[in-house]
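Engineer:
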Amino acid sequence: MTPWPRCTPRTQAALGLALCALLAWPALRQALEASMWRHMVLQFPLLMGVGALLAAALPPRAHTVVSRWNAHGIAGLVLVAGVLAVLMVPRVLDLALREPAIEISKCAALLGAGAALRLSWRAAGLVVQGFFLGNVLPMTAVVGQLYIDTPLRLCNAYLLDDQARLGQWLVGLAALLALGWLARVGWWTVRREGDAIAVKNA
Amino acid sequence: MLRTAVLSLLLALCGWAAANWLTHGFQVWTDEGARRLEVALHPVDAPRVAVDGPGVAAPDLPALLAQDGGATIADFIYTRCQTVCLSLGSTFQQLQAALQADAEAGHPANVRLLSISFDGAHDHPAVLLAYARGLHADPALWRFARVPDAAQQQALLRRLGVVVVPNGRGDYEHNAALLVFDARGRMVRVFDITEQQLALDYARHLARNAP
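Same order as they appear, the protein sequences are chains A and B. Read in order, the letters of the first sequence are residues 190 to 391 in my numbering. Read in order, the letters of the second sequence are residues -6 to 204 in my numbering.
1) Below 9 Å between beta carbons: does that hold for R211 (chain B) and G113 (chain B)?
2) Going by DSSP in three states, F85 (chain B) sits in which element: helix, strand or coil?
3) How far does the beta strand (DSSP E) with L106 (chain B) in it extend, from its first residue to its last?
4) Helix, strand or coil: which one does DSSP assign to Y195 (chain B)?
5) Looking at chain B, is there any beta carbon in it that lies within less than 9 Å of the beta carbon of L343 (chain A)?
6) Check whether the Cβ of D112 (chain B) lies closer than 9 Å to any Cβ atom in chain A.
7) Could you compute how far the alpha carbon of L4 (chain B) sits from the alpha carbon of I291 (chain A)?
8) In its own chain, which residues sit with a C-beta less than 7 Å from the C-beta of V325 (chain A), not counting the 5 before and 5 after it?
9) So D175 (chain B) and V181 (chain B) are supposed to be a Cβ contact under 8 Å. How far apart are they, rounded?
10) Within the 9 Å Cβ cut-off, does D24 (chain B) reach chain A?
11) Taking the straight line between their C-alpha atoms, what separation do you get for P340 (chain A) and V379 (chain A)?
12) If you run the structure through DSSP and keep just helix, strand and coil, what is E97 (chain B)?
13) Indicate whether at least one CB of chain B lies closer than 9 Å to the CB of I337 (chain A).
14) Would you say C7 (chain B) faces chain A, with C-beta separation under 9 Å as the test?
15) Taking C-beta to C-beta, are P47 (chain B) and L128 (chain B) nearer than 9 Å?
16) So, helix, strand or coil for M328 (chain A), using DSSP?
17) Should L34 (chain B) be labelled buried (16 or more other beta-carbon atoms within 10 Å of its own) or exposed?
18) Using 9 Å as the threshold, is the C-beta distance between D53 (chain B) and A43 (chain B) below it?
19) Express the C-alpha separation of L282 (chain A) and S224 (chain A) in angstroms, rounding to a whole number.
20) Where does V(-1) (chain B) sit, in a helix, a strand or coil, going by DSSP?
21) Which residues of the stretch 251 to 272 of chain A have a Cβ closer than 7 Å to any Cβ of chain B? Give them in chain order.
22) Can you name the residues of chain A whose CB is closer than 7 Å to the CB of T(-3) (chain B)?
23) Considering just the uninterrupted stretch of the alpha helix (DSSP H) at T197 (chain A), what are its terminal residues?
24) Express the C-alpha separation of A245 (chain A) and L0 (chain B) in angstroms, rounding to a whole number.
25) Just the C-alpha distance for L217 (chain A) and R227 (chain A), rounded to the nearest angstrom, thanks.
26) In angstroms, rounded to a whole number, what distance separates the CA positions of Q189 (chain B) and I293 (chain A)?
27) Do A56 (chain B) and G178 (chain B) have their C-beta atoms within less than 9 Å of each other?
28) Against chain A, does L191 (chain B) count as a neighbour if the rule is that its beta carbon must be under 9 Å from one of theirs?
29) Residues of chain B with CB closer than 7 Å to the CB of V278 (chain A), please, in chain order.
30) Is it buried or exposed for F19 (chain B), if we count other Cβ within 10 angstroms and need 16 for buried?
31) Among A:I263, A:Q232, A:V388, A:G383, which has the Cα closest to the Cα of S309 (chain A)?
32) Grouping DSSP H, G and I as helix and E and B as strand, with all else coil, what is H261 (chain A)?
33) Taking CB distances under 9 Å as the criterion, tell me whether L284 (chain A) reaches chain B.
34) Which ranges would you report for the alpha helix (DSSP H) in the stretch 213 to 276 of chain A if only whole runs of at least 4 residues count?
35) Three or more C-beta pairs under 8 Å: does that hold for the stretch 295 to 310 of chain A against the stretch 235 to 249 of chain A?
36) Measuring only the C-alpha atoms, how far is T200 (chain A) from H252 (chain A)?
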């Protein structure tokens, strides 16, 4: 899950801070939040990316403490799934535009989720990863399909066609992520079998 | 592992609590649903904003709503609207017909209709008058008003939870609804435009029980 393996932790954290400042910049924030699909499909993952980059700055001792409370990455992935589930309630988007406290909480939750995802993903292993994705991705796709199908505007601040476009994005992203993960699992399995054969032949 | 289990459980509980708060106990999922529920639980006072319009003598909105006692069903419109306001217009025409039928049957309900423009810069009283005539509005039952001051108009929309979004084609999208006010100028219920009979019955009931 490390975005750029060659980046030192310090560079990553600096990059995270810079991106964080950029996202907090009012003009960009407004541009992202002016549309429902940009709000959810661009701003949400970017904030999670910031969280993941900032997590690089954690000292090794903190990693030990975190992993003591996060066996197999389970607690972290529960956090991520919970944050994503709550943030898919349409009311959040309207409230975030109106109430600064909700907006700050939303951003903090996404930063935390990004960091938790990074700290938990490797430790999770394929089974826990599969369980996590098996919950989060269908949820995303179902919410997306609801956004496409409903004739009602679910957010007062956004238009109906914007909502349908967001739905298409969510369904598409869920499918892409599922395929991406399956491809990785397939590749990893093939490589392991290849290694096993090589060991046997040696 | 125990620590992980405890922390996971705690996190799941936090998520549940957040969702519970956000959806008012899993009753509403949208901000509009929450607004309607909150208004029903805690009526909202109409702010003291100056209004004008054809035949409107009251200086501000609470005074306009308090005129003649009784109840008022209000909606937000703009006269250049070609979409949802047209359906609101026909809803209000049907409400007006029902109120006229009440009066003819000898038991007039003390219910008034009020269309408030959120395009105060364009919808001058003369424009509103022409619009009202086009809808065959009965001036005794159905009044039209605007808030001339832009800042006050904004304050009114915010207080009543009306969100107006330009749709990029020169029109506005807004959470059109039927707002029922009592004689004290409090918004007591918000009904969907499809719930006009419910709104009418509720307003009649309010007007009957008005002091």
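The beta carbon of each residue, even a glycine, is placed where N, CA and C say it ideally should be. Since this is a predicted model, take the numbers as computed values, not measurements.
Structural biologist: If we stick to the structure as given:
1) What is shown of chain B runs -6 to 204, which leaves residue 211 (chain B) out entirely.
2) Locating residue 85 (chain B) in the second sequence gives position 92, counting from the first residue. Note: F85 (chain B) maps to helix in three-state DSSP.
3) Reading the second sequence from its first residue, position 113 is the one you call residue 106 (chain B). Here the beta strand (DSSP E) through L106 (chain B) covers 104 to 110.
4) To locate residue 195 (chain B), count along the second sequence from 1; it is residue 202. Y195 (chain B): helix per DSSP, three-state reduction.
5) The residue given as residue 343 (chain A) occupies position 154 in the first sequence. Closer than 9 Å: yes.
6) As a first step, residue 112 (chain B) is located in the second sequence; it is residue number 119 there, counting from the start. Answer no: the Cβ-Cβ gap between D112 (chain B) and chain A never drops below 9 Å.
7) Along the second sequence, one-based indexing puts residue 4 (chain B) at 11. Along the first sequence, one-based indexing puts residue 291 (chain A) at 102. The straight-line gap from Cα to Cα measures roughly 19 Å.
8) Position 136 of the first sequence, counted from the first residue, corresponds to residue 325 (chain A). Within the same chain, V325 (chain A) has close Cβ partners A270, L273.
9) Residue 175 (chain B) sits at position 182 when you count from the first residue of the second sequence. Residue 181 (chain B) sits at position 188 when you count from the first residue of the second sequence. Yes, D175 (chain B) and V181 (chain B) are in contact; Cβ-Cβ is about 5 Å, under 8 Å.
10) In the second sequence, the residue the question calls residue 24 (chain B) occupies position 31. At least one chain A Cβ lies under 9 Å of D24 (chain B).
11) Taking the first residue of the first sequence as 1, we reach residue 340 (chain A) at position 151. Taking the first residue of the first sequence as 1, we reach residue 379 (chain A) at position 190. Each residue's alpha carbon lies about 46 Å from the other.
12) Numbered from 1 along the second sequence, position 104 holds the residue referred to as residue 97 (chain B). Helix, per DSSP.
13) By one-based count along the first sequence, residue 337 (chain A) stands at place 148. Not closer than 9 Å to any Cβ of chain B, the Cβ of I337 (chain A) fails to qualify, so no.
14) Numbered from 1 along the second sequence, position 14 holds the residue referred to as residue 7 (chain B). Chain A contact via Cβ: present.
15) Indexing the second sequence from 1 puts residue 47 (chain B) at position 54. Indexing the second sequence from 1 puts residue 128 (chain B) at position 135. Taking 9 Å as the Cβ cut-off, P47 (chain B) and L128 (chain B) do not qualify as a contacting pair.
16) Reading the first sequence from its first residue, position 139 is the one you call residue 328 (chain A). Annotated three-state conformation of M328 (chain A) is helix, per DSSP.
17) If you number the second sequence from 1, residue 34 (chain B) lands on position 41. Exposed, because fewer than 16 other Cβ atoms sit within 10 Å of the Cβ of L34 (chain B).
18) Here the question's residue 53 (chain B) lines up with position 60 in the second sequence. Here the question's residue 43 (chain B) lines up with position 50 in the second sequence. With respect to A43 (chain B), D53 (chain B) sits close: the two C-beta atoms are nearer than 9 Å.
19) By one-based count along the first sequence, residue 224 (chain A) stands at place 35. By one-based count along the first sequence, residue 282 (chain A) stands at place 93. Approximately 10 Å, taken between the alpha carbons.
20) Walking along the second sequence from the start, residue -1 (chain B) turns up at place 6. In the structure shown, V(-1) (chain B) sits in a helix (DSSP, three-state: H, G or I).
21) Within the stretch 251 to 272 of chain A, the residues whose Cβ lies closer than 7 Å to some Cβ of chain B are R257, W258, N259, A260, I263, A264, V267, L268, G271, listed in chain order.
22) Position 4 of the second sequence, counted from the first residue, corresponds to residue -3 (chain B). Residues of chain A passing the Cβ test: W258, N259, A260, I263, A264.
23) Taking the first residue of the first sequence as position 1, residue 197 (chain A) is located at position 8. Segment: none, T197 (chain A) is in no alpha helix (DSSP H) and carries neither H nor E.
24) Here residue 0 (chain B) corresponds to residue number 7 of the second sequence, with the count starting at 1. Here residue 245 (chain A) corresponds to residue number 56 of the first sequence, with the count starting at 1. Each residue's alpha carbon lies about 22 Å from the other.
25) Within the first sequence, numbered from 1, the residue matching residue 217 (chain A) stands at position 28. Within the first sequence, numbered from 1, the residue matching residue 227 (chain A) stands at position 38. Approximately 11 Å between the Cα atoms of the pair.
26) As a first step, residue 189 (chain B) is located in the second sequence; it is residue number 196 there, counting from the start. As a first step, residue 293 (chain A) is located in the first sequence; it is residue number 104 there, counting from the start. Distance between the alpha carbons of Q189 (chain B) and I293 (chain A): 39 Å.
27) Start at 1 with the first residue of the second sequence, and residue 56 (chain B) comes out as number 63. Start at 1 with the first residue of the second sequence, and residue 178 (chain B) comes out as number 185. Going by C-beta atoms, A56 (chain B) is nearer than 9 Å to G178 (chain B).
28) By one-based count along the second sequence, residue 191 (chain B) stands at place 198. It does not; no Cβ of chain A falls within 9 Å.
29) Here residue 278 (chain A) corresponds to residue number 89 of the first sequence, with the count starting at 1. In chain order: A12, L15, T16, W22.
30) Along the second sequence, read from residue 1 onward, the residue named residue 19 (chain B) stands at position 26. Per the 10 Å Cβ criterion, exposed.
31) In the first sequence, residue 309 (chain A) corresponds to position 120, counting from 1. Looking at the Cα atoms, A:I263 is the closest of the given residues.
32) Your numbering for residue 261 (chain A) matches position 72 in the first sequence. Correct three-state label for H261 (chain A): helix.
33) Residue numbering aside, residue 284 (chain A) sits at position 95 when the first sequence is read from its first letter. By this cut-off, L284 (chain A) is an interface position.
34) 215 to 222, 233 to 244, 249 to 257, 263 to 276
35) yes
36) Position 11 of the first sequence holds residue 200 (chain A). Position 63 of the first sequence holds residue 252 (chain A). Cα-Cα distance, rounded: 18 Å.
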